[in-house]
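The next block holds one structure in the form of structure tokens; read it before the comments.
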Amino acid sequence: MAVGQHGKYLAIRNELIMNFFDAVKNIEKSNDLLKIRHRNLFIWPIIRYQFLSLIFFQKIKSDGFVIRKSSYLKYISNTIYSLIRFPRINVYTRILVFTSPDSLVYDNEKKIYKNRVFDNYLNSLNINQITYIEDLLNVNVFDFKIYRKNHFSFYSVKIIIEFFTLFFRIFYTKKYKIISNKIELIENITCQSFKKIDKSISNKIKNSSTKTIIRSQFWYQYFHYLLKNKFIKTIFIEDAHYGLEKSILCFVASELKIKTIEIQHGFIFKNHIAYNHFHLNYSPVEYRNYFPNYFFTYSSFWKSQTNLFSKIEIIGTPEYKNAIKVNLQKEKKILIISNGADYNEMIEFINNIFNDKRLLNYDIYIRPHPHEINNFNRKYTHLLNSRIFLDTEKLEKSLSTSEIIISVLSTVLFQALFYCKKVFILNTNFTKGYLNSDFKYIDIIEINKYEKIFEKSNKENDIINYYWLKYDSNKFLKLVNL
1 MAVGQHGKYL AIRNELIMNF FDAVKNIEKS NDLLKIRHRN LFIWPIIRYQ FLSLIFFQKI
61 KSDGFVIRKS SYLKYISNTI YSLIRFPRIN VYTRILVFTS PDSLVYDNEK KIYKNRVFDN
121 YLNSLNINQI TYIEDLLNVN VFDFKIYRKN HFSFYSVKII IEFFTLFFRI FYTKKYKIIS
181 NKIELIENIT CQSFKKIDKS ISNKIKNSST KTIIRSQFWY QYFHYLLKNK FIKTIFIEDA
241 HYGLEKSILC FVASELKIKT IEIQHGFIFK NHIAYNHFHL NYSPVEYRNY FPNYFFTYSS
301 FWKSQTNLFS KIEIIGTPEY KNAIKVNLQK EKKILIISNG ADYNEMIEFI NNIFNDKRLL
361 NYDIYIRPHP HEINNFNRKY THLLNSRIFL DTEKLEKSLS TSEIIISVLS TVLFQALFYC
421 KKVFILNTNF TKGYLNSDFK YIDIIEINKY EKIFEKSNKE NDIINYYWLK YDSNKFLKLV
481 NL
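As numbered in the numbering used here, residues 1 to 482 make up the sequence shown, in order.
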């Protein structure tokens, strides 16, 4: 695509993004949409994110993030692991933690697996009172280090529920049709605002949403079985605002009077569908039961970017304390951080700085998003040479040794403020779709215009405090009620 055509395409795409969110705000004022139920469950809070995401990526002509595809071996190994580690809750458990696939990471220094979202908050508590229930794991499940006594997997439960869903579709066709008609009604309501939806996307939405509601009935029964007559006080749920079975978990916990909490795990802006519920003032009061009671966030900036049913509490981050301990010597190194979106623009930028004579004495390191690892060869290998490398260091060390850090919009962009004073955000199309006037202090550079990276930085700690606050452990413990 020629440069002029590419620029025109991006302008059209940005307009489509803004129109999309205006359409969402409009449809979520509809009582007809919000009151549709199947048996004892409201449908919209369960399918909302899944439904809107499919339309969003169709509207902007994008596949969104490059999602890592797991091999059949990964699925088989996870199934075996999950059967061995089938969820069990002992009488001492007071806290349950439901995680997502990419939560578990390997710490090369300590030679252990850890949960990147929860462990920093929960490691000061009595481990015998905590049980982790994990999803499909993107690590080697046959590594003996992964077998910790308080970690279990509910991936096999997902497989069982998938069989029940298939059975339901084959033998209960009339009931399946009833659910399908309700999803079709939702689609008809949304079409009034979204105008045209491709037939292939329409069919995909209808099929996936119908299956989700069927699964929800089985998840409802399973979570009741798992939690009833136990001594659970608190459930932490990663990605709780993304709906699907997590919304059913919140609903069951509300019936059993168990407190639910989600801890912020990444960046959030006002256009993030999962964390901005435009229907907040229009929904039935029962909608609150489909979301966690609390959402713990890093600072007032992130709180200002959300519009949630959950009560938002600012608790800071333990990383604040951990990061200031790291003080490594800077190298002539430019670290480029990808988030998995708009990588063509990233490649164009890397080529520009590689050929810039002012940067000839710098090495360039590319750090792909975890979802891009399997696609790295296709996307970036052709760039690697005597000055461009793949970054494989531990994240904190890599951030600390880099003289210049350039990222598209990602959580790591904000983490970089702890370790480096010359941090910049690349103004890709993805970035433009999210940034607003609340975004401050981090300089924005263009693909073909990046003079700011040569200027002397005078960033102070106050900038860090805008995005991150020190961890308030007393407030955390009080809210968790331990």
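Every residue gets a Cβ at the ideal spot worked out from N, C-alpha and C, and that includes glycine.
Since the structure is predicted, the reported quantities are computational estimates derived from the model, not experimental observations.
Going by DSSP, Y294 is part of the beta strand (DSSP E) stretching over Y294 to T297. Here R367 is bridged, per DSSP, to I337. Going by beta carbons, I404 and I334 fall inside the 7 Å limit.
L413 and I170 have their C-alpha atoms some 48 Å from each other.
Separation of the CB atoms of L83 and S156 is rounded to 5 Å, and the pair is thereby assigned contact status at 8 Å. Note on K111: under 16 other CB atoms within 10 angstroms of its CB, so exposed under the neighbour-count rule. With a cut-off of 8 Å on Cβ pairs, the stretch 267-284 is not in contact with the stretch 71-81, counting fewer than three such pairs. Taking 7 Å as the cut-off, the Cβ atoms of A274 and Y49 count as close. Minimum Cα-Cα distance from N474 among the listed residues F424, P318, N90 and Y365 corresponds to P318. Using a Cβ-Cβ distance cut-off of 8 Å, the stretch 285-295 and the stretch 32-45 are in contact, since at least three pairs of beta carbons, one from each stretch, lie closer than that value. Straight through space, the alpha carbons of N203 and F142 are spaced by roughly 38 Å. Under the three-state reduction of DSSP, R48 is assigned to helix. As the crow flies, the alpha-carbon of K303 is around 12 Å from that of Y294.
Annotation: the continuous beta strand (DSSP E) that includes K259 extends over K259 to I263. Contact annotation, F152 with E134: C-beta distance approximately 7 Å; criterion of less than 8 Å satisfied. In this structure L417 touches Y467 by the C-beta definition: roughly 7 Å separates them, less than 8 Å.
Runs of beta strand (DSSP E) with 3 or more residues, each lying fully within the stretch 380-466, are found at 388-390, 402-407, 423-426 and 443-445, listed in chain order.
Residue pairing for F21: DSSP places it in no beta bridge.
For L96, the secondary structure class from DSSP, reduced to helix, strand or coil, is strand. One alpha carbon belongs to K29, the other to F278, and they sit about 8 Å apart. Per DSSP, K114 is one residue of the beta strand (DSSP E) stretching across I112 to N115. Judged by DSSP secondary structure, Y72 falls outside any beta strand (DSSP E) and instead within the alpha helix (DSSP H) spanning Y72 to I84.
K452 and I406 have their C-alpha atoms spaced approximately 11 Å apart.
With distances taken between CA atoms, H38 lies nearest to Q217 out of Q217, A253 and A240. Between the alpha carbons of I350 and L383 lies a distance of about 8 Å. Contact annotation: I353 and R387 have beta-carbon atoms that are not nearer than 7 Å. Listed in chain order, the non-local C-beta contacts of T401 below 8 Å within the same chain comprise L328, Q329, K330, E331, K333 and E393, local neighbours out to five positions each way being set aside.
The straight-line gap separating the alpha-carbon atoms of F223 and F251 is approximately 10 Å.
DSSP lists N115 as the bridge partner or partners of L104. Under the 10 Å beta carbon count, T173 is surrounded by fewer than 16 other beta carbons and is classified as exposed. Inclusion of I161 and R215 in the CB contact set at 7 Å is warranted, their separation being smaller than that value.
Boundaries of the alpha helix (DSSP H) harbouring S209: K199 to L227, taken from the DSSP string. Residue pairing by DSSP places R37 opposite F42 in a beta bridge. The alpha-carbon of G243 is positioned some 14 Å away from that of T260. For N307, the pairing in a beta bridge is given by DSSP as N276. In the DSSP assignment, I130 forms a beta bridge with I95.
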